[in-house]
């Protein structure tokens, strides 16, 4: 029935700041298109071939469109096969990262985006 997780919406304070974070600090690619006079559809993904993407949507706009919408941050876990390399690169790019944790089931660390939302990056081998 369901084959993939296609898109995850991330509500942000400012689309352009979020775009800058995801493209410049995280190395994601961005696709955007106008969706009316004051809004643009924006998606970021790790690379051109990635199926899953984040929809970057402004909190204020969503709250105007739907006052009952939950614009809280989802719990998102991203994957890598080279955790130490990713950790070092993100620190070098100025991303706020937590401690690299080594657990019996794998390595991981948390990081924050431009709005202070927390994500987890986990090594999958």
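Numbering (my numbering), first residue to last: 200 to 324. Cβ coordinates follow ideal geometry from the N, Cα and C atoms, glycine included. Note that the structure is a prediction, hence the values are computed from the model and not measured.
Item, Value
"Quick check on residue 307: buried or exposed, where buried means 16 or more other Cβ atoms within 10 Å of its Cβ?", "buried"
"Given that a residue counts as buried once 16 or more other Cβ atoms are within 10 Å of its Cβ, and exposed if not, what is residue 249?", "exposed"
"Which runs of the beta strand (DSSP E) at least 3 residues long sit entirely within the segment 252-283? Give them in chain order.", "252-257, 276-279"
"Would the beta-carbon of residue 253 fall within 8 Å of that of residue 207?", "yes"
"Since residue 224 and residue 293 should fall inside the 8 Å C-beta cutoff, what is the C-beta to C-beta distance between them, to a whole number of angstroms?", "6 Å"
"Pull the bridge partners of residue 300 from the DSSP assignment, please.", "307"
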